[in-house]
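Only one structure is covered here, and it is reproduced in the block below.
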Amino acid sequence: MTARTYELVHRTAYTYDEPVTSSYGRAVLLPRELPEQHVHRRVLEVEPEPADTAEHVDYFGNTSSYFAVTAPHSELVVTARSLVTVDRPADRPVADLPRATWEDVARAVRPGGTAETADGAGGASDALVVLREALLPSHHAAFTDPVRAWSAPSFAPGRPLVEVLADLTRRVHEEMRYLPGSTTVTSTHDEVLAQRAGVCQDFAHLTIAALRLHGVPARYVSGYLETQPPPGQEKLLGADASHAWVAAWLPGAGWVEVDPTNDTVVDSRYVVLGWGRDYADVPPLRGVIFTEAAESRLSVSVDLTPVELTDAGGRTSPDAPR
Amino acid sequence: MTDVLSTVRAGGEPEPDWSWLPEDTPPPTPAALADARRQATGLLTDRGVTYGTLDGGPWRLDPVPMVVDEASWSGLEAAVAQRSAVLDAVLADLYGPRTLLADRLIPPELVLADPGFLRAVDGLAGPGPRRLVLHAVDLARDPSGAWLALSDRAQAPSGAAYAMVDRRVVAQSMARVYRRTPIRRIGPFFHALRRALDAAAPMAPGSSESPQTVLLTPGPHSETAFDQAYLATMLGVPLVEGSDLVVRDGRVWLEGMAGPEPVDVILRRVDAQWCDPLDLRADSRLGVPGLVRALRAGTVAVVNPLGSGVLEHPGLAAYLPRVARTVLGEDLALPSPGTWWCGEPASRAHALAHLDRLVLTSSDRTHPVLGWTLDTAAREELAHRIAAEPLRWTAQEPVPGATTTADPTGRPGRQPEGRSSVLRTFAVADDDGYQVLAGGLALVAPPGAEVVSSSRGAVARDVWVISADVEATADPWATSPEELLPRRTVSLPPRTAENLFWLTRYAERAGDTVRLLRAVVDRWYDYARRPGTPGGRALAVLLDAVGAHHPGGWPQASPGGSPLTGDRERRLLRALLLDRDEPGTVAWSVRHLADSAAAVRDQMSNDFWLPLASMERALEVEAAAERAPGSTTGLLPVLDRLLEALLAVAGVAGEGMLRDPGWYLMDAGRRLERSMYLVESLDATVTTVRPDDVESYVLESLLIAHESSITYRRQHSRRPDLAGVLDLLVGDARNPRSLVFQLDRLRDDLAHVPAASTDARDRLIQDLLDLAGELDPRPAAAAVGDRREHLAEILESLRWRLAGLADEVAAAHFAHRPAGRAMGDQWGLR
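Chains C and V, in that order, are what the protein sequence lines are. Quick note: the first sequence uses numbering that gives the first Met the number 0, first residue 0, plus one each step. Quick note: the second sequence uses numbering that gives the first Met the number 0, first residue 0, plus one each step.
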């Protein structure tokens, strides 16, 4: 798959039955600049106009946006617009990836392992800290007996990590039903396992917990996946959605990204917003509102529209295309 | 306060050791000591020194000081200061380069898995030279007498203000010993703290204004609410809750009644995770959304910085010696007991092999588990939990309790036992390093208890550092007064204003009820057995008015006499005084008065707590007395005590408080409540016509209840008649108990209270004044049949306007922000 360029619009609207006196929001909706992902432009629009906005790079390196709307309002619309080119070398065949077993990987990253030498972890001074963090249980990826039991068959002794990843994503895809509304932000992956259904966040968390439980560093990636309309139909506006998948660390290859929801290796149809230990580190949008309103309605639409760049072939200077 | 551990050493307890006393000072006799202890308890009650969440029990203090000699202290002082500096360096690194983790001087997982490590505040180094501004450390001596650091408090250390109040109480109750002993002063520590707070402010150097500092409290129901309020008073900074603050334009503002005022420094007593529902715990109601954003903008400093709680990880102690050598190039002078963090395999193996001898602490900082108290099954279960989540557990060697204290009241026949104790001292950042409080807070566990904790019955003792040079600590106020800029005065947050308003309303309601009850009980003694006499019939009217039972076998209430208290059930006179749980009783009003006062403790003069304590005591004593439920015995003395105390409350408010908007609101509350009670008591007693002889008894009691009988007698030679009473109680602007007087004052009070819109409020006051002015006593006293309809109508109309005025005052001055809540989540949406 060659490089792809997307016009990305993610619109979130909250409507309230009574005025909200103020809304404070935190968004990770601006895509990250990455070796395989170039952001030509990106902007976060908030209506009504916020009295205060700020942006910073967070602990994980994501761009985090803050806004405070302090005039009374009964509708809040947050729209992120970006133009992004994705060109993943991951489009190379999986067969080319290193064949280290999952036990090798676990041995390398644990205390006293080879990853403690600078080159083992990739050189950066914080690389070891990053790897160790990716081994720890987290809020949405707790180490529980059901996850242990469910994941054990995928971790056959001596199995290369790439095969473990392929097996885990295949099993999630085959054994779990993708069912929007079947879980909420407070659901646990034990509940997901029990009902054999969930959404992309659940599947990512389940896979992450399985990997970390076996000593393989894993993290949660928030972003988007370009969807294809059924054959012969036109793509509907707003048909795309936020998505979440998994990155696992493989010595010699770095972070290998897989999508358990769709049982696939992440390629150039995927746009990355940011990553963290799990959903709680990178929710696209969260906030605090002050209101007497009892009811609120939320509507979200995401459009990931492939566009042709004038300078076809991928990398373009940031200010060239409009 | 949090738990601290040390094991009990069996063996006899020594008597208090007085050998440190100067030669010419004999030790206190047992009788003098017992007296000092009684006095200390009394002083603590009178000052309202409380500890604990539910209704705040008294703070327990044994006035016998714990003494440390100068030589021992000076070594400890330096060691504590060094430990603070090491922890400060750790804090700066963990939220900065994290070199200590990358170099594995501290195992990365220890920090990364700790709930106290807050990624949301990564990179937010404070502006001052030091991140860790206030540090507390809990100390004990090992059997050789050397000091050990049992635990560090770096989140929001509590107890410094308790140490100060202990010192004041001990100085008074052990005055003779105190005066004859050269004791290092602890006051300079608080001056240093104020200076450190100023230094933390993100202000342009040379600013002519001193920074605005606030103390952020989780509220009056916090365990250490007293400590927080007392500290705020000592520092001269407002005590605020999260809802008093707001983030606008990247700054923190205090929403005062006179408008928002910028806040530069927040001394927090709220744990960091709860400080900002936007960037930290979303379910927190204690924080300020946007606070992290303001920190990131560099417009405010939070002390200690958000994220400092990670320094309280119990396992950190195992690595501090090598960290100290790396960051300071020094050996750690204050060691900890042997510590094994179970995240390291070797340490875990040691911990698991010695579970029966170690103390196990989880990183959620809940109560520690004493390995030797567990049976085999419980120990196995613990071992299983440690194996499942090793990163969460830390094992520590117990420290044999220092048995420096004696309990002369030990019951005969009981084996004397050692008592565990711990000393908490404090360090505050200053120019050169850290200044350590010269003393601290000693806590002594009850005999046999192994965990030293205020929540588990530990008793505090003052710590005296005996020194040839009692001024050894540099006092910034003594050395450089010019450096301390004057504090900006700050307008009240609406929450505080509301509490002040209600405080006096409850005080007035209690006082009004007490006065009326007194008048009723007086008549009761004379006429309860003679219901048919005019005095007896008047008693029936008064009992109806207060909503009380009649003595057994009495006929029903006189027709038309509506009880004061609406359609509430009648209660016994005793219950009207003593039932804490029923609205409208005296005890209920006193309880709410105390609650309101506790919520604004930092605003109240110290003298205020004495009458409050006296009221609570009088009510408790009488409630505990064994009397028949219907008995009226003993009521009058209690009513007298209460009235005396309420007069003292009014006196403190009148003579001891600055005339600022808070004071005017307090006065307005009193005036409004008194007006309401006046109108209600008239309505309940005189709108129904009764025979002249009965009515004059009723009127007499009414005049007494409204403190106007002497005045009346001076003006009139006859028995009271209604027109005369109305004239005095409603229209006489010179009578401080009259309605017109209250309304005049109300108007004047409210004019001093700033608010955005006061039209509705002022219109109502004018209406009320007009109505009261139009009440002409003669026609109002006239009756049609057995009702005084005209009077009843006027009173009714006054009544609802007064209620409306209370609402308008609330709307104009206490406008509540709606509660904050989380926006909906975009989970699995498409």
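Cβ atoms here follow ideal geometry from the backbone N, Cα and C, with glycine treated the same way.
Same chain only: Cβ atoms within 6 Å of residue i, ignoring 5 sequence neighbours per side
i: Arg673 (chain V); result: Glu507 and Gln741
i: Val306 (chain C); result: Thr4 and Glu6
i: Thr503 (chain V); result: Met665, Gly668 and Arg669
i: Ala818 (chain V); result: none
Chain C contact for residue i (CB, 7 Å cutoff)
i: Gln81 (chain V); result: no
i: Met822 (chain V); result: yes
i: Gln825 (chain V); result: yes
i: Asp121 (chain V); result: yes
i: Pro817 (chain V); result: yes
i: Gly11 (chain V); result: Its pLDDT being 39, under 50, Gly11 (chain V) is placed unreliably by the model, and nothing is read from it.
i: Gly249 (chain V); result: yes
i: Pro276 (chain V); result: yes
i: Glu108 (chain V); result: yes
i: Leu351 (chain V); result: no
Whole-number beta carbon distance between residue j and residue i, since they are thought to touch under 8 Å
i: Val427 (chain V); j: Leu192 (chain V); result: 5 Å
i: Leu279 (chain V); j: Val239 (chain V); result: Their Cβ separation, rounded to whole angstroms, is 18 Å, which puts Leu279 (chain V) and Val239 (chain V) out of contact at 8 Å.
i: Ala459 (chain V); j: Val450 (chain V); result: About 15 Å; that fails the 8 Å criterion.
i: Val19 (chain C); j: His72 (chain C); result: 6 Å
i: Met175 (chain C); j: Arg195 (chain C); result: 6 Å
i: Val198 (chain C); j: Thr185 (chain C); result: With 8 Å as the limit, Val198 (chain C) and Thr185 (chain C) do not qualify as a contact, their Cβ atoms being about 13 Å apart.
Test: residue i CB closer than 7 Å to a CB of chain V
i: Asp277 (chain C); result: no
i: Asp343 (chain C); result: Only positions 0 to 321 of chain C appear in this structure, which leaves residue 343 (chain C) out of reach.
i: Asp16 (chain C); result: no
i: Glu74 (chain C); result: no
i: Phe202 (chain C); result: no
i: Arg131 (chain C); result: yes
i: Asp51 (chain C); result: yes
i: Gly122 (chain C); result: A caution first: Gly122 (chain C) carries a pLDDT of 49, below 50, which makes its placement in the model too unreliable to give a value.
i: Thr183 (chain C); result: yes
i: Ala67 (chain C); result: yes
i: Leu297 (chain C); result: yes
i: Thr290 (chain C); result: yes
i: Val128 (chain C); result: yes
i: Pro229 (chain C); result: no
i: Val198 (chain C); result: yes
i: Leu135 (chain C); result: yes
i: Pro179 (chain C); result: yes
Neighbouring residues, chain V, relative to residue i (Cβ below 7 Å)
i: His55 (chain C); result: Arg295
i: Tyr219 (chain C); result: Those do not exist, as Tyr219 (chain C) stays about 13 Å from chain V at its closest Cβ, beyond 7 Å.
i: Ser267 (chain C); result: Per Cβ cutoff of 7 Å: no residues; Ser267 (chain C) is ~21 Å from chain V at best.
i: Thr11 (chain C); result: Gln825
7 Å Cβ cut-off: residues of chain C touching residue i
i: Pro288 (chain V); result: Tyr23 and Val287
Cutoff 8 Å; reference residue i; Cβ partners in own chain excluding five residues on either side
i: Asp51 (chain C); result: Tyr65, Phe66, Ala67 and Thr69
i: Thr206 (chain C); result: Leu167, Thr168, Val171, Ala217, Val245, Val257 and Pro259
i: Arg777 (chain V); result: Ala722
i: Asp580 (chain V); result: Trp587
Listed by chain order, chain V residues near residue i by CB distance under 9 Å
i: Ala209 (chain C); result: The contacting residues do not exist; Ala209 (chain C) stays about 17 Å from chain V at best.
i: Asp125 (chain C); result: Pro96, Arg97, Leu100 and Ala101
i: Ser64 (chain C); result: Residues of chain V passing the Cβ test: none, with the nearest at roughly 11 Å.
Neighbourhood of residue i by C-beta, 7 Å cutoff - its chain only, sequence neighbours within 5 removed
i: Arg522 (chain V); result: Gly534, Ala537, Leu538, Leu541 and Ser700
i: Thr403 (chain V); result: Bear in mind that a pLDDT of 31 at Thr403 (chain V), under 50, signals an unreliable position, so the number given afterwards is only what the model happens to contain. Only Met65 and Ser420 meet the Cβ criterion.
Partners in chain C for residue i, counting only beta-carbon separations shorter than 9 Å
i: Arg118 (chain V); result: Asp57, Tyr58, Phe59, Gly275, Arg276 and Asp280
Residue i: contacting residues in chain V (beta-carbon distance under 8 Å)
i: Leu284 (chain C); result: Met822 and Gln825
Contact set between residue i and chain C, taken where Cβ atoms lie within less than 8 Å
i: Leu111 (chain V); result: Val128, Arg131, Glu132 and Leu135
- [ ] Pick out the complete alpha helix (DSSP H) segments inside the region 708-749 of chain V, 4 residues or longer, and give them in chain order.
- [x] 708-714 and 721-725
- [ ] Give, in chain order, every unbroken run of the beta strand (DSSP E) that is at least 3 residues long and sits entirely within the region 352-379 of chain V.
- [x] 358-361
- [ ] Counting only runs of 4+ residues fully inside the region 200-256 of chain V, write out the alpha helix (DSSP H) ranges in chain order.
- [x] 224-234
- [ ] Return the chain-ordered ranges of every beta strand (DSSP E) run that is complete within the region 266-320 of chain V and spans a minimum of 3 residues.
- [x] 300-302
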